[in-house]
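Residue numbers (the numbering used here): 1243 to 1671.
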RNA sequence: GUGGGUGUAGCUUAGCAGCCAAAGCGCCUCGCUGUGGCCGAGGAGAUCAUGGGUGCAAAUCCCAUCACUCACCCCA
């Protein structure tokens, strides 16, 4: 047969190999522990949603909706999209299942892959995992602060506390933000010739985005632009002040960044981002979140205040690796290997296998290998403490050989009660 | 979408016009009939990304395509 063309993974999609598993499990485990201790409950939403959910929820003018969605028509003719983010789907679920009637706030978290059709590059994938948390039904500043506190706890527990920075800002609300936007438009209006081309488009679509442009010429102009704080109404101002005070009380350090705007339309009041802190200035965004008091209503529910965040898992793992942070082993190393010789022994070894598993000492073995030599080589590579050797003779006698892999000392023991004998041995060492 | 870089065994790479394309790691076998690590011997594994071109001669030079990668935009 002619050689077939190998099939590669789809652009921007990655395999998570067994060797990477410990890092993933470590982060998942820590996040789950902390979130559940803080009373968040796990929710899982489908990968596929109606396209309109994101058009409405995330916002038509956003890059995500405009050019990054995996959208297609089903055989039945529905317009569906592979979810690009988690907040809109979780909000949809909140409304759909009448969670309004549960005791508020409803605190939910998710660990799921998202899909964005972007140009892949380092720390950017088309399938990316996010750990997210959302709170519905509570508008108090303490909710914002708790969410931030919890996300920082997660970073702390995985060992990244000293490698991250929290940036925070307030975007105002329905009442005061329009005033600010108007002021910005007035400010930029006669400076459009001086800003970069993309910024000219932002002027029409979303003036706020002009603030976080990193082009030098735009930066200079933005530096003198009106500041959001001067436009926040009293309620927003107090809210923001309280959040900051709460954080100070919790000994959380933060940087207020008036140019922090965020790309999704649904945010109101508090917005924040967590960035890696790099000496080389090569920092990446690890997480982002904020308050979104109008989203539930926008998606057809009753007016419900809400806030949340999401962590990029791949990016967090990348930082973990870069900082050479030790990832604790969740699965313990194998301690015992079973080598078998001959048919009778092989048959008997299956039972042994099960006996050991039940007693909590998983046995390693290589049943497909026949020679003792190759089996011992495997045992050595696995780094086990003991190897049990069950040969034809032993199988007939009802005994088994126990080999200490360090000293190479062997002893023949009765097969009966071998599990207990080994338990004892392992304890001694 | 726009620009740069790279494509040689499973992995890391050497070779950068001239005999059948190398090495290290990994994998497998053997070195006693039932005993690992070290050592020794051997083996499997590569249409040198693909297609075209220039040369007596191409993995090596040129062009195109594809893939990967990095950057911009934007984001986690």
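Glycine included, every Cβ here is placed at the ideal spot set by N, Cα and C.
- Exposure of residue 1318 is indicated by the presence of fewer than 16 other C-beta atoms within 10 angstroms of its C-beta.
- Residue 1530 sits in a strand when the DSSP states are folded into three classes.
- Beyond the five residues adjoining it in sequence on each side, residue 1450 comes within less than 6 Å, by CB distance, of 1503 in the same chain, given in chain order.
- In this structure residue 1464 is buried. Its beta-carbon is surrounded by 16 or more other beta-carbon atoms within 10 angstroms.
- A straight line joining the alpha-carbon of residue 1373 with that of residue 1552 spans about 6 Å.
- The alpha-carbon separation between residue 1380 and residue 1444 amounts to approximately 32 Å.
- Closest by C-alpha distance to residue 1661, out of 1586, 1630 and 1474, is 1630.
- Per DSSP, reduced to three states, the secondary structure at residue 1357 is strand.
- Minimum Cα-Cα distance from residue 1636 among the listed residues 1409, 1559, 1508 and 1590 corresponds to 1590.
- For residue 1646, the CB contacts under 7 Å within the same chain, skipping 5 residues up- and downstream, are 1628 in chain order.
- Annotation for residue 1459: the continuous alpha helix (DSSP H) segment containing it runs 1458-1465.
- Residue environment: residue 1582 is assigned as buried (16 or more neighbouring CB atoms within 10 Å of its CB, all protein chains considered).
- A direct Cα-to-Cα measurement between residue 1278 and residue 1460 gives close to 44 Å.
- Look at residue 1448 here: in three-state DSSP terms it is coil, with no helix or strand label.
- By alpha-carbon distance to residue 1668, the top candidate from 1616, 1323, 1400 and 1602 is 1602.
- Secondary structure of residue 1314 (DSSP, three-state): strand.
- The beta carbons of residue 1644 and residue 1653 sit closer together than 7 Å.
- Annotated three-state conformation of residue 1412 is strand, per DSSP.
- Using a 10 angstroms sphere on the CB of residue 1349, the tally of other CB atoms reaches 16 or more, which defines it as buried.
- Between the alpha carbons of residue 1475 and residue 1314 lies a distance of about 42 Å.
- The residues 1342 and 1538, in chain order, have a CB closer than 8 Å to that of residue 1544 in the same chain once the five nearest residues on each side in sequence are set aside.
- Check the Cα spacing between residue 1427 and each of 1418, 1370, 1407 and 1452: the tightest is with 1452.
- If you draw a straight line from the Cα of residue 1488 to the Cα of residue 1327, it is about 28 Å long.
- In this structure, 1568 is the residue among 1568, 1473 and 1548 with its C-alpha nearest to the C-alpha of residue 1402.
- Pairing residue 1626 with residue 1559 gives a Cβ-Cβ distance that is not under 7 Å.
- By the criterion of a C-beta distance shorter than 6 Å, residue 1606 is surrounded in its chain by 1576, 1579 and 1624, once the five residues flanking it on both sides are discounted.
- Residue 1378 carries a strand assignment under DSSP once its states are collapsed to helix, strand and coil.
- Three or more Cβ pairs closer than 8 Å define a contact, and the segment 1527-1541 falls short of that threshold against the segment 1421-1437.
- Distance from the Cα of residue 1498 is smallest, within the candidate group 1274, 1549, 1419 and 1411, for 1411.
- Taking the Cα positions, residue 1414 is about 13 Å away from residue 1501.
- The DSSP assignment places complete alpha helix (DSSP H) segments of no fewer than 4 residues inside the segment 1383-1410 at 1383-1399, in order along the chain.
- Using a Cβ distance threshold of 7 Å, residue 1405 and residue 1519 count as a contacting pair.
- A check of alpha carbon separations from residue 1588 across 1250, 1334, 1642 and 1417 identifies 1642 as the nearest.
- Closest option to residue 1571, judged by alpha-carbon separation, among 1360, 1269 and 1528: 1269.
- Residue 1266 has its alpha-carbon roughly 13 Å from the corresponding atom of residue 1573.
- Closest in alpha carbon position to residue 1302, among 1529, 1651, 1508 and 1659, is 1508.
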